[in-house]
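Structure record follows, encoded as structure tokens.
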Amino acid sequence: MASTSEALLDAKRKDFEGLPPKARARLLDMLCLSGVESPGWWRGVLAGSGDPARKDPAGI
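To get the numbering used here, take the position in the sequence shown, counting from 1, and add 58.
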């Protein structure tokens, strides 16, 4: 199951990386403003190596 979750996360990151820079910025801004998780968590999950199962310590 962990490998499936990792594959899905990798696919999300690949899709995110395929967006034009302005679209990536707008999507991150929208997600960060949603109040669901912290901005650092979203950046880590979509643009970095963050693990969505772990909470961002800065956001707690």
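Even glycine gets a Cβ: it sits at the ideal position worked out from N, Cα and C. Keep in mind that this is a model prediction, so the values were computed, not measured.
Please report the Cβ distance between residue i and residue j, rounded to the nearest whole angstrom; I am assuming they are in contact, meaning their Cβ atoms lie under 8 Å.
i    : j   : result
P110 : L67 : 7 Å
Roughly how many whole angstroms lie between the Cα atoms of residue i and residue j?
i    : j    : result
M88  : A65  : 24 Å
R71  : L86  : 12 Å
S107 : A69  : 13 Å
E95  : P79  : 22 Å
W141 : A105 : Since the first and last residues shown for the chain are 59 and 118, residue 141 lies out of range.
G93  : F74  : 20 Å
G102 : C90  : 12 Å
Quick one: grab the DSSP three-state call for residue i.
i    : result
D73  : helix
D109 : coil
Quick one: what's got a C-beta closer than 6 Å to residue i's C-beta in the same chain, skipping five residues either side?
i   : result
S61 : none
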